[in-house]
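Visitor:
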Amino acid sequence: MKGRAHKIRPTLGERPPSPASLLIVDAAELLTLRGAEGPRAHEAAQDLGIIEDGAVYSEGARLVDVGTTDEVLARHPRADLRIEAAGKVVAPGFVDPHTHPVFAGSREHEVEWKSQGLSYSEIAARGGGILHTVRATRESSEGDLARDATKRLRSMAASGTTTVEAKSGYGLRTDDELKILRAIAAAGHAAEIDVVPTFLGAHAVPPEFQTRPEAYVNLVREEMLPAIAANRLADFCDAFVDRGYFSANQAREILKRGADLGLRPKVHADELSDAGGAALAAELGAASADHLIHTSSDGIEAMARSRTIAILLPAASLASRLPFADGRRLLAAGVAVAIGTDFNPNCWCDSMPLAIALACHHNGLTPAEAITAATVNAAHAIGRGDQVGVLEPGRVADLVVLDMPSWRHLGYRFGGNAVETVVKRGSVLVDRRPGR
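So for the sequence shown, my numbering puts the first residue at 1; every next one is plus one.
Have a look at this one:
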């Protein structure tokens, strides 16, 4: 690949075939994340499975061999593509478990309101927030939504993200929610990264139902969910449980109906207040509870007794001038923790390395815990823990080469982009190697 400092393949059609074989050798540190099956908590969250002078070998889309460079080269001396990683860090591709990348318009005007001290709720009351984006998204075509989302996903890939969870929720009408979910699928295909779709019809009560919220809950439960399940457009069903949005009881009705239709629950939990979202997520066996800024001790204990993963979203706290969730409190209770960007029009953050650094500086995670949270735990939070987030034979060959001397720099650096190469399913997707 020549001509620019870096290149992201612009193909919009079928994904090109993976190379027959790929070798990455001489990595100063290879972070395998090998360990116990399932999400990592307690001491296991600190173990990155580091191999010094490491190498990986893949054939097609799958990893075949992982070990020291000498070991791997002895078994696989040649490959169709060989990448030298001397002095660099090689890690699993980042998994972003919480994003909202399909929407129309933007909300840059809200930055002035934030600087004047307006809160999240006050901005919504002024006509901003979620419903501002809903109006623009309803007016946008499916093709335009998919094209804009493709650009956003490619930008995420340029920062090392290879798998993304993507939510609907800016339509709040059946046809518009279906439109958004179809655009999610199209954008993931065009951007050549794996996208896991989540239905979030319970994102806010739309204007036409402001005086009849229970009627809107019924619409989500009885019309939207069956239509989405019939068209197989989502893997998960999410709900925003918080003051001014949906109560735990309303969300329970929606999430149970979704589960009956094959959509595993997720919960936007306790971002603005302690509304019982974490406890509801644990009760329903949700894949994750996300935000968790104001979660009570009872909610954390309930999560610790369940297998529900906590997803921390530090960039959202930064963008909305909210407190940062107490990650150490969750980890001490034995809750498995993941990290996401919460990319959305209010939080235009497409960088998982930035989310990792913020989690270390503001959520109380160590760099090792944050890397675990952005790889293997994030993968389990979106139902892909048996495929990505770990580098070992049989897994999907998704990985990043980072031009940094130590993995600890992921928790240290706030700016720039140290991602040199991104490999998706054994094929180079992003290439910033000198001379490329």
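Where a beta carbon is used, it is the ideal one built from N, C-alpha and C, also for glycine.
These numbers were taken from a predicted model, which means no experiment stands behind them.
By Cβ distance, which residues of its chain are closer than 8 Å to L263, with the 5 residues on each side in sequence left out?
Guide: The count along the sequence shown starts at 1 and reaches residue 263 at position 263. Within the same chain, L263 has close Cβ partners F199, L225, I228, A229, A234, D235, F236 and C237.
Visitor: Does DSSP classify K88 as helix, strand or coil?
Guide: In the sequence shown, the residue the question calls residue 88 occupies position 88. Of the three classes helix, strand and coil, the one that applies to K88 here is coil, per DSSP.
Visitor: State yes or no: is the C-beta of N218 within less than 8 Å of the C-beta of L178?
Guide: Here the question's residue 218 lines up with position 218 in the sequence shown. Here the question's residue 178 lines up with position 178 in the sequence shown. It is not a contact, given that the beta carbons lie outside the stated cut-off.
Visitor: In whole angstroms, what separates the C-alpha of V56 from that of A74?
Guide: As a working note, residue 56 is residue 56 in the sequence shown. As a working note, residue 74 is residue 74 in the sequence shown. Near 12 Å, if we compare the C-alpha coordinates of A74 and V56.
Visitor: Take D326 as the anchor and find which of L292, H268 and E71 has the nearest alpha-carbon.
Guide: Counting from 1 along the sequence shown, the entry for residue 326 is found at position 326. Closest option to D326, Cα to Cα, is L292.
Visitor: What's the gap between the Cα of E29 and the Cα of G54?
Guide: Working through the sequence shown from its first residue, we reach residue 29 at position 29. Working through the sequence shown from its first residue, we reach residue 54 at position 54. Approximately 6 Å between the Cα atoms of the pair.
Visitor: With a threshold of 8 Å on Cβ separation, who are the neighbours of E392 within its own chain once the five nearest residues in sequence on each side are excluded?
Guide: Stepping through the sequence shown from its first residue, residue 392 is reached at position 392. Here the set comprises T32, R34, L63 and V66.
Visitor: Starting from the Cα of G49, find the closest Cα among T68, A418, A319 and L153 and give me that residue.
Guide: The residue you call residue 49 lines up with position 49 of the sequence shown. Of the candidates T68, A418, A319 and L153, the one whose C-alpha sits nearest the C-alpha of G49 is T68.
Visitor: What do you get for V111, buried or exposed, if any count of 16 or more other CB atoms within 10 angstroms of its CB means buried?
Guide: Taking the sequence shown and counting its residues from 1, the one referred to as residue 111 is at position 111. That one is exposed.
Visitor: Would you identify the three-state DSSP class for N377, choosing helix, strand or coil?
Guide: Locating residue 377 in the sequence shown gives position 377, counting from the first residue. Three-state result, N377: helix.
Visitor: What three-state label does DSSP hand E392 in the structure shown?
Guide: Residue 392 sits at position 392 when you count from the first residue of the sequence shown. If DSSP states are grouped into helix, strand and coil, E392 belongs with coil.
Visitor: Just list the beta strand (DSSP E) runs in the segment 27 to 103, keeping only unbroken ones of 3 residues or longer that don't cross its boundaries, in chain order.
Guide: As far as the segment 27 to 103 is concerned, its whole beta strand (DSSP E) runs of at least 3 residues are 50 to 59, 62 to 68, 81 to 84, 89 to 92 and 94 to 96.
Visitor: Among F414, H409, V376 and N417, which one has its Cα closest to the Cα of D398?
Guide: Looking up residue 398 in the sequence shown gives position 398. Cα-wise, what sits closest to D398 is V376.
Visitor: To which residues does DSSP link H291 through a beta bridge?
Guide: The residue labelled residue 291 in the question sits at position 291 within the sequence shown. In the DSSP output, where bridge partners are listed per residue, H291 has A269.
Visitor: Quick one: using the 10 Å Cβ neighbour count with 16 as the cut-off for buried, is Q250 buried or exposed?
Guide: The residue given as residue 250 occupies position 250 in the sequence shown. Per the 10 Å Cβ criterion, buried.
Visitor: Between which two residues does the beta strand (DSSP E) carrying A338 extend?
Guide: The residue given as residue 338 occupies position 338 in the sequence shown. V337 to I339 is the span of the beta strand (DSSP E), which, as asked, contains A338.
Visitor: Do A278 and G258 have their C-beta atoms closer together than 8 Å?
Guide: Working through the sequence shown from its first residue, we reach residue 278 at position 278. Working through the sequence shown from its first residue, we reach residue 258 at position 258. For A278 and G258, no; Cβs fall outside 8 Å.
Visitor: From A61 to L429, what does the alpha carbon distance come to, in whole angstroms?
Guide: Taking the sequence shown and counting its residues from 1, one reaches residue 61 at position 61. Taking the sequence shown and counting its residues from 1, one reaches residue 429 at position 429. So the alpha carbons of these two residues sit roughly 13 Å apart.
Visitor: If contacts are defined as beta-carbon pairs under 8 Å, then A287 and G383 qualify, I think. What distance do you get, rounded to the angstrom?
Guide: Walking along the sequence shown from the start, residue 287 turns up at place 287. Walking along the sequence shown from the start, residue 383 turns up at place 383. Contact holds; Cβ gap of about 6 Å.
Visitor: Taking Cβ positions, are V400 and G93 nearer each other than 8 Å?
Guide: Locating residue 400 in the sequence shown gives position 400, where the first residue counts as 1. Locating residue 93 in the sequence shown gives position 93, where the first residue counts as 1. Their beta carbons are under 8 Å apart, which means V400 touches G93 by this criterion.
Visitor: Select from L365, A125 and A357 the residue whose C-alpha is nearest the C-alpha of R329.
Guide: Counted from its first residue, the sequence shown places residue 329 at position 329. Residue L365 is the option with its Cα nearest to R329.
Visitor: Classify C360 as helix, strand or coil using the three-state DSSP reduction.
Guide: Taking the first residue of the sequence shown as 1, we reach residue 360 at position 360. C360: helix per DSSP, three-state reduction.
Visitor: How is R425 classed by DSSP in three states: helix, strand or coil?
Guide: Walking along the sequence shown from the start, residue 425 turns up at place 425. It is coil, neither helix nor strand.
Visitor: Below 6 Å CB to CB, which residues in the same chain sit around F103 once its five sequence neighbours on both sides are set aside?
Guide: Translated into positions along the sequence shown, residue 103 becomes position 103. Only T133, T137, Y170 and P345 meet the Cβ criterion.
Visitor: Which residues in the same chain have their Cβ closer than 7 Å to the Cβ of F209, if we skip the five residues on either side of it in sequence?
Guide: Walking along the sequence shown from the start, residue 209 turns up at place 209. Excluding positions up to five away in sequence, the list reads A215 and Y216.
Visitor: Is it true that the CB of L261 sits closer than 8 Å to the CB of A239?
Guide: Residue numbering aside, residue 239 sits at position 239 when the sequence shown is read from its first letter. Residue numbering aside, residue 261 sits at position 261 when the sequence shown is read from its first letter. Taking 8 Å as the Cβ cut-off, A239 and L261 do not qualify as a contacting pair.
Visitor: With a threshold of 8 Å, are at least 3 pairs of Cβ atoms found where one atom belongs to the segment 183 to 194 and the other to the segment 140 to 157?
Guide: Result yes; three or more Cβ-Cβ pairs closer than 8 Å.
Visitor: Quick check on DSSP: helix, strand or coil for N218?
Guide: Indexing the sequence shown from 1 puts residue 218 at position 218. Three-state result, N218: helix.
Visitor: Note the first and the last residue of the continuous beta strand (DSSP E) segment covering T163.
Guide: Within the sequence shown, the letter at position 163 stands for residue 163. Per DSSP, T163 belongs to the beta strand (DSSP E) from T161 to K167.
Visitor: With a threshold of 8 Å between beta carbons, is A289 in contact with chain B?
Guide: Given the protein chain composition of this structure (a single chain), no chain B is represented.
Visitor: Alpha carbons only, please: which of A281, R126, S140 and V95 is nearest the one belonging to G105?
Guide: Stepping through the sequence shown from its first residue, residue 105 is reached at position 105. Cα-wise, what sits closest to G105 is S140.
Visitor: Whose C-beta lies closer than 6 Å to the C-beta of H100 among residues of the same chain, with five residues either side of it excluded?
Guide: As a first step, residue 100 is located in the sequence shown; it is residue number 100 there, counting from the start. Within the same chain, H100 has close Cβ partners K167 and N344.
Visitor: State the beta-bridge partners of P197 as determined by DSSP.
Guide: The count along the sequence shown starts at 1 and reaches residue 197 at position 197. Answer is A166, bridged to P197.
Visitor: CB-CB under 7 Å to H380, same chain, minus the five flanking residues each way: which ones, in chain order?
Guide: As a working mapping, residue 380 is identified with position 380 in the sequence shown. The answer, listed in chain order, is G38, P39 and I309.
Visitor: Cutting at 6 Å between CB atoms, please list the residues of its own chain near T295, excluding the five before and the five after it.
Guide: If you number the sequence shown from 1, residue 295 lands on position 295. Here the set comprises D270 and A278.
Visitor: Expressed to the nearest angstrom, what Euclidean distance is found between the alpha-carbon atoms of E222 and L145?
Guide: Translated into positions along the sequence shown, residue 222 becomes position 222. Translated into positions along the sequence shown, residue 145 becomes position 145. Distance between the alpha carbons of E222 and L145 is about 26 Å.
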